[in-house]
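Student:
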Amino acid sequence: MGDFISPTNAKTLLGCPSPVSEDLRAGKESGPPRAGPPRTKDLRLSYRAPRATDRAEWDALVDATPVAPGITQRFDSWIVDAEEGIQTSFVMIRDEQKRLVGGARLTIERRLPARHLEMIGGPLYLPEYEDPVRALVSRAVLERVSVVDSGMIRPSAGHLWRLEEFGLHRMAVPAETVFIDLRPSEEQLWRAVDHSVRQGVRKARDRGLTVRELTDERELDRIYPLIERFGRNRDFAIISEKRLKAMHRLFGPTGHWHILLGEAGTTPAGVALIWVTNQQSGLLVLASLPEYAGVQLTSFLAWESVRRSKLYGATSFDFLGIPPAESGLAGVRRFKLKWGGQVVIGEEYLEGVVFRSVTALMRRYPKVFRPVLMASGPFRGGIR
Numbered sequence: 002m003g004d005f006i007s008p009t010n011a012k013t014l015l016g017c018p019s020p021v022s023e024d025l026r027a028g029k030e031s032g033p034p035r036a037g038p039p040r041t042k043d044l045r046l047s048y049r050a051p052r053a054t055d056r057a058e059w060d061a062l063v064d065a066t067p068v069a070p071g072i073t074q075r076f077d078s079w080i081v082d083a084e085e086g087i088q089t090s091f092v093m094i095r096d097e098q099k100r101l102v103g104g105a106r107l108t109i110e111r112r113l114p115a116r117h118l119e120m121i122g123g124p125l126y127l128p129e130y131e132d133p134v135r136a137l138v139s140r141a142v143l144e145r146v147s148v149v150d151s152g153m154i155r156p157s158a159g160h161l162w163r164l165e166e167f168g169l170h171r172m173a174v175p176a177e178t179v180f181i182d183l184r185p186s187e188e189q190l191w192r193a194v195d196h197s198v199r200q201g202v203r204k205a206r207d208r209g210l211t212v213r214e215l216t217d218e219r220e221l222d223r224i225y226p227l228i229e230r231f232g233r234n235r236d237f238a239i240i241s242e243k244r245l246k247a248m249h250r251l252f253g254p255t256g257h258w259h260i261l262l263g264e265a266g267t268t269p270a271g272v273a274l275i276w277v278t279n280q281q282s283g284l285l286v287l288a289s290l291p292e293y294a295g296v297q298l299t300s301f302l303a304w305e306s307v308r309r310s311k312l313y314g315a316t317s318f319d320f321l322g323i324p325p326a327e328s329g330l331a332g333v334r335r336f337k338l339k340w341g342g343q344v345v346i347g348e349e350y351l352e353g354v355v356f357r358s359v360t361a362l363m364r365r366y367p368k369v370f371r372p373v374l375m376a377s378g379p380f381r382g383g384i385r
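Numbering-wise, the sequence shown is residues 2 to 385 according to the working numbering.
This is the structure in structure tokens:
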């Protein structure tokens, strides 16, 4: 699977030397390592398609990043996207000893009639390299967004570097979530939950409902119709069957992915999907059939998700978003606020449209970008 073309390599592909190599790729190979804080110009930036040999080094960087990344930033997540026709390019940032000290995962997806670029999550970095990595990843995003039709950076836009002056603008999206600190004992976590939720969990147990972890991949065929029906009832797509199976196959054996199945006897009645990485757990899906609403299966599944996340080694649990109070999902909001967690205001997304970002880039770096765009066409940077 090939990398996708940027303004930098567009000129290279046309047989011209790239004038941006010193500025955007900024690296030096000669001289001894410099003492003191790392500088941007001492690092080398490159783009590459995923290679199996990068897995250990990349996942070590994910594990070392202080701001806990999500499961979608782990190396094998590109395989899940590839099965749905989404291409990935890794931004790799190395120091003078060729050690991987920072990076980011960029994806490009054809959303007719446009091509859409996203940076998944925030930059990855070793703690001492945070500032120079932020700067280089920001430049990498700008370089790539200028040759597609639109781009989105999510959700850690605040970790980037002066992007708004290049024509990117903020989107108005809900950005609240609920975090639960899992470091207290299980008993303390249980007491922090609202009384009505505790009653619901007891009711589900008394009615004979059970929750177990799904380990056999063959059972996914039994539970996906339940997830699909739940999404149809709520009028939104949750996760495709192909993505569900790929995530389970890749991340189940590593302990980063867990599926909890709620059953009435032997009948699947509800499901929770959880990811765990960097001691943080996130609730991707919480779904139960409406006929089990009266016996509080959703409360039972949510409690088991919190309780088991602690057993999986997580120190925090993220409900991964709560709807605005004025939305049609006010009931979902009230439910998530009953768990004794802290409401956290997340960062908004940044979205850039190529017509604005290219104009801004050409104004700021006319000698760099104008020859590239005039030679290759501003909107013809395709995928090779």
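For every residue, glycine included, the Cβ atom is placed at its ideal position computed from N, Cα and C.
By the DSSP assignment, the beta strand (DSSP E) with R308 in it spans what residues?
Tutor: R308 -> not in any beta strand (DSSP E); alpha helix (DSSP H) instead, spanning L298 to L312.
Student: Just to confirm, is the Cβ distance from I388 to L284 under 7 Å?
Tutor: The structure shown does not extend to residue 388, since the chain is modelled only from 2 through 385, so no value can be given for it.
Student: Check each candidate in E327, T73 and S317 and name the one with the smallest Cα separation from E187.
Tutor: S317
Student: Between the alpha carbons of P291 and R56, how many angstroms are there, rounded?
Tutor: 42 Å
Student: The alpha helix (DSSP H) with Q88 in it runs from where to where?
Tutor: Element bounds for Q88: not the alpha helix (DSSP H) but the beta strand (DSSP E), Q88 to R95.
Student: Throw me the rounded Cβ distance for the W258 and I72 pair, which I believe falls under 8 Å.
Tutor: 7 Å
Student: With I80 as the anchor, note down where its alpha helix (DSSP H) starts and where it stops.
Tutor: S78 to A83
Student: Would you check if the distance between the CB atom of Q343 and the CB atom of A315 is smaller than 7 Å?
Tutor: no
Student: Would you check if the distance between the CB atom of L210 and the CB atom of A288 is smaller than 7 Å?
Tutor: no
Student: Considering L290, what are the terminal residues of the alpha helix (DSSP H) in which it resides?
Tutor: Annotation for L290: no alpha helix (DSSP H) segment contains it, and DSSP assigns it neither H nor E.
Student: Just to confirm my understanding: we take S78, look at its own chain, exclude 5 residues before and 5 after, and list those with CB closer than 7 Å. What are they?
Tutor: If the five residues before and after S78 are omitted, its C-beta is found closer than 7 Å to the C-beta atoms of I72, all from its own chain and listed in chain order.
Student: Excluding the 5 residues preceding and the 5 following K246 in the sequence, name in chain order all residues of the same chain whose CB lies nearer than 8 Å to its CB.
Tutor: E218 and L221
Student: Chain B beta carbons: is any one of them nearer than 7 Å to that of Y130?
Tutor: The displayed structure is made up of one protein chain only, and chain B is not part of it.
Student: Please say whether R140 and L118 have beta carbons closer to each other than 7 Å?
Tutor: no
Student: Secondary structure at D43, three-state DSSP: helix, strand or coil?
Tutor: helix
Student: If I'm right that V179 touches W304 with Cβ under 8 Å, what's the distance once you round it to whole angstroms?
Tutor: Their Cβ separation, rounded to whole angstroms, is 14 Å, which puts V179 and W304 out of contact at 8 Å.
Student: Only counting the same chain, and skipping five residues up and downstream in sequence, which positions put a Cβ closer than 7 Å to that of L125?
Tutor: L62, V63, T66, P70, Q74, G103, G104 and A105
Student: Report the rounded CA-to-CA distance for P39 versus S310, giving the unit in angstroms.
Tutor: 37 Å
Student: Can you tell me where the beta strand (DSSP E) with G332 in it begins and where it stops?
Tutor: Here G332 belongs to no beta strand (DSSP E); instead the alpha helix (DSSP H) covers A331 to K337.
Student: Along the chain, where does the alpha helix (DSSP H) that runs through V63 open and close?
Tutor: R56 to A65
Student: Output the boundary residues of the alpha helix (DSSP H) element that contains V212.
Tutor: Bounds of any alpha helix (DSSP H) do not take in V212; it lies within the beta strand (DSSP E) bounded by L210 to E214.
Student: Taking the C-alpha atoms as reference points, what is the distance between V345 and L321?
Tutor: 10 Å
Student: Do I323 and E131 have their beta-carbon atoms positioned less than 7 Å apart in this structure?
Tutor: I323 is positioned such that its CB atom lies no closer than 7 Å to that of E131.
Student: Nearest to D60 by CA position, among T278, Y313 and P133, is which residue?
Tutor: T278
Student: Look at the alpha carbon of E229 and the alpha carbon of L338, and state the distance between them as a whole number of angstroms.
Tutor: Those two C-alpha atoms are separated by around 26 Å.
Student: Classify R116: buried if its beta carbon has 16 or more other beta carbons within 10 angstroms, exposed otherwise.
Tutor: buried
Student: I'd like the span of the beta strand (DSSP E) that includes H259, first residue to last.
Tutor: W258 to A265
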